[in-house]
Amino acid sequence: MTTPGQTPPTVTGKVMRILEAFAPGDVRLTLTEICRRADLPLATGHRLIAELVAGGFLERLPDASYRVGTRLWQIGIQAARPRELRELALPYMLDLYAETRENIQLAVLHGDRAMYLERLRGPKSVPVLTRVAAELPLHATAVGKVLLAFSPPELTERVIAQGLTKHAPNTITDPERLRADLAEVRRTGLAYTVEEMSIGTCSVAAPVYGPGEELVAALSVVAWRHSADVKRFGPAVRSAARALSKDLAAKETDGR
1 MTTPGQTPPT
11 VTGKVMRILE
21 AFAPGDVRLT
31 LTEICRRADL
41 PLATGHRLIA
51 ELVAGGFLER
61 LPDASYRVGT
71 RLWQIGIQAA
81 RPRELRELAL
91 PYMLDLYAET
101 RENIQLAVLH
111 GDRAMYLERL
121 RGPKSVPVLT
131 RVAAELPLHA
141 TAVGKVLLAF
151 SPPELTERVI
161 AQGLTKHAPN
171 TITDPERLRA
181 DLAEVRRTGL
191 AYTVEEMSIG
201 TCSVAAPVYG
211 PGEELVAALS
221 VVAWRHSADV
231 KRFGPAVRSA
241 ARALSKDLAA
251 KETDGR
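Per the working numbering, the sequence shown starts with residue 1, numbered consecutively.
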C-alpha cells in the first residue's frame, strides 16, 4: 500500500512485485501470500495474477496455489552470466560427485546472501535446504563463508551488522569468531561447516575465480556429519574449483 506523498506503483511495478514474491525460494504461494508480499490489495493481485497465468508466467495449481510458470522459466534461464557459469561448471561438478557421491553445489553472491546456481545429488546424498535459485545466509554455509572471505571486508561488516542468525547448533553468531573463521578460509582456501546451517550436515567449499582473479562463485560438497570426513573432501573440492577457474580464464582469453 502507498503512504501519503508516495507515488503509487505502476502496473509494471505491481507485476514485478508479484513475481518477486517468489524470490525467497518458495515453490508455491497462495493468492493471499502473494498479495501480502507484494503489498497489493487482493482484488488487484487477483486480476494481475490471472493475466500472468494466462500468459504462462505463473501456473495455478489444483489446490488454488501458484508457482512460477514455464514461460518465466524459459526467459529467466537465458540470463547469460549464470547460464554460462553453470554450463562450464557442470562437468567439474559431475566429476566431483563421481568422486564423493555427496551433494555438490555451486553458489554465487547475490546481495548479502548465497544464491545457488546448480546442485547435484544422488539417492544416498544428504537432504539439503538448497534448490536452484534459492538463497541461504552467508555466515552459516561453507559457500557463503567463501564468498564472504574473498569479497571486500565491507560485505562481512554489513552481514554482521544485520545480525548473525542462529540456524543450527553450531552456527557462528559471534562477530569476532566469524572474522577469525574467515581469516582461516583466506589462509587455507577452504571453508568448512559442521551443523551450522542444518542439523546432521557438514560441508566444505572452495572459491572459483574468473579472469583477473576476481571471485566468481563457490563450489562445495555437503555430506552427513556422522558418515563422512568432510576434511577428506577438501583437496577434491579445491582441485575442481581451480580447474573451473582455469576454464573460465581460458574462455575469456580465447573469446569462447
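Glycine included, every Cβ here is placed at the ideal spot set by N, Cα and C. Keep in mind it's a predicted model, so treat the numbers as computed, not measured.
**OP:** Tell me whether proline 175 sits in a helix, a strand or coil according to DSSP, three-state version.
**Re:** Within the sequence shown, residue 175 is the residue found at index 175, counting from 1. Proline 175 falls in the helix class under three-state DSSP.
**OP:** Quick one: measure Cβ to Cβ for leucine 61 and leucine 52, integer angstroms, because I've assumed they're closer than 8 Å.
**Re:** Indexing the sequence shown from 1 puts residue 61 at position 61. Indexing the sequence shown from 1 puts residue 52 at position 52. Actually they are not in contact, since the Cβ atoms of leucine 61 and leucine 52 sit about 14 Å apart, beyond 8 Å.
**OP:** Check the DSSP bridge columns for glutamine 105 and list the partner residues they point to.
**Re:** In the sequence shown, residue 105 corresponds to position 105, counting from 1. The partner list for glutamine 105 (beta bridge, DSSP) reads Arg119 and Ser220.
Subject >> Per-residue DSSP class, three states only, for proline 169 >> reply: Stepping through the sequence shown from its first residue, residue 169 is reached at position 169. Correct three-state label for proline 169: coil.
Original post:
Within 10 angstroms of its Cβ, does glycine 56 collect 16 or more other Cβ (buried), or is it exposed?
Top reply: Within the sequence shown, numbered from 1, the residue matching residue 56 stands at position 56. For glycine 56, the number of other beta carbons within 10 angstroms of its own is below 16, and it is reported as exposed.
Original post:
What is the DSSP secondary structure of proline 41, reduced to helix, strand or coil?
Top reply: Here residue 41 refers to the residue found at position 41 of the sequence shown. Proline 41 falls in the coil class under three-state DSSP.
Subject >> Cut-off 7 Å between Cβ atoms - residues of its own chain near valine 143, not counting five sequence neighbours on either side >> reply: Counting from one through the sequence shown, the residue named residue 143 turns up at place 143. Counting only Cβ-Cβ distances below 7 Å, and skipping sequence neighbours, we find Gln105, Ala107, Ala114, Ala205, Ala218 and Ser220.
**OP:** Please look up how many angstroms separate the CB atoms of valine 185 and lysine 246, rounded, as I've assumed it's under 8 Å.
**Re:** Taking the sequence shown and counting its residues from 1, one reaches residue 185 at position 185. Taking the sequence shown and counting its residues from 1, one reaches residue 246 at position 246. With 8 Å as the limit, valine 185 and lysine 246 do not qualify as a contact, their Cβ atoms being about 21 Å apart.
Subject >> Presumed contact (8 Å Cβ cut-off) between leucine 136 and methionine 93, rounded CB distance >> reply: The residue given as residue 136 occupies position 136 in the sequence shown. The residue given as residue 93 occupies position 93 in the sequence shown. Separation of the CB atoms of leucine 136 and methionine 93 is rounded to 18 Å, and the pair is thereby denied contact status at 8 Å.
Original post:
Which ranges does the beta strand (DSSP E) cover as unbroken runs of at least 3 residues, wholly within the stretch 172 to 211, from first to last along the chain?
Top reply: With a minimum length of 3 residues, the continuous beta strand (DSSP E) runs that stay inside the stretch 172 to 211 are 191 to 194 and 201 to 209.
**OP:** Within the same chain, show all residues whose beta-carbon is closer than 7 Å to that of alanine 243, passing over the 5 residues directly before and after it, in chain order.
**Re:** Stepping through the sequence shown from its first residue, residue 243 is reached at position 243. Counting only Cβ-Cβ distances below 7 Å, and skipping sequence neighbours, we find Tyr92.
**OP:** Output the distance between the C-alpha atoms of proline 211 and proline 123, rounded to the nearest integer angstrom.
**Re:** By one-based count along the sequence shown, residue 211 stands at place 211. By one-based count along the sequence shown, residue 123 stands at place 123. Going by the C-alpha atoms only, they are around 36 Å apart.
Subject >> Cβ-based neighbour list, glycine 13, same chain, cut-off 6 Å, excluding 5 preceding and 5 following >> reply: Translated into positions along the sequence shown, residue 13 becomes position 13. No residues qualify anywhere along the chain.
Original post:
Quick one: Cα of valine 45 to Cα of alanine 23, how far?
Top reply: For the purposes of this step, residue 45 is identified with residue 45 of the sequence shown, where counting begins at 1. For the purposes of this step, residue 23 is identified with residue 23 of the sequence shown, where counting begins at 1. Residue identity differs from the one stated: residue 45 is glycine in this sequence, not valine. Just so you know, the alpha carbons of glycine 45 and alanine 23 end up roughly 17 Å apart.
Original post:
Alpha carbon to alpha carbon, how far is arginine 86 from alanine 43?
Top reply: As a position in the sequence shown, residue 86 is number 86, starting the count at 1. As a position in the sequence shown, residue 43 is number 43, starting the count at 1. Roughly 40 Å between the two C-alpha positions.
Original post:
Which two residues bound the contiguous beta strand (DSSP E) that contains leucine 58?
Top reply: Locating residue 58 in the sequence shown gives position 58, where the first residue counts as 1. That run of the beta strand (DSSP E) goes 58 to 60.
Subject >> Inter-residue spacing [alpha-carbon to alpha-carbon] between arginine 83 and arginine 119 >> reply: Position 83 of the sequence shown, counted from the first residue, corresponds to residue 83. Position 119 of the sequence shown, counted from the first residue, corresponds to residue 119. Straight-line Cα distance between these residues: approximately 14 Å.
Original post:
Which residue from Ser203, Ala38 and Thr156 puts its Cα closest to that of arginine 17?
Top reply: By one-based count along the sequence shown, residue 17 stands at place 17. It is Ala38 whose Cα lies nearest to the Cα of arginine 17.
Subject >> Per-residue DSSP class, three states only, for valine 68 >> reply: As a working note, residue 68 is residue 68 in the sequence shown. Looking at valine 68 - three-state DSSP - the assignment turns out to be strand.
**OP:** Kindly indicate the opening and closing residues of the beta strand (DSSP E) around leucine 148.
**Re:** As a working note, residue 148 is residue 148 in the sequence shown. Unbroken run through leucine 148 is the alpha helix (DSSP H), 142 to 149; no beta strand (DSSP E).
Original post:
Rounded to the nearest angstrom, how far is the Cβ of alanine 149 from that of leucine 117, given a contact under 8 Å?
Top reply: Reading the sequence shown from its first residue, position 149 is the one you call residue 149. Reading the sequence shown from its first residue, position 117 is the one you call residue 117. Not a contact, Cβ separation roughly 19 Å.
Subject >> glutamate 135 in three-state terms, based on DSSP >> reply: Here residue 135 refers to the residue found at position 135 when the sequence shown is read from its first residue. Of the three classes helix, strand and coil, the one that applies to glutamate 135 here is strand, per DSSP.
**OP:** Please say whether valine 15 and leucine 271 have beta carbons closer to each other than 7 Å?
**Re:** With the chain covering only 1 through 256, there is no way to say anything about residue 271.
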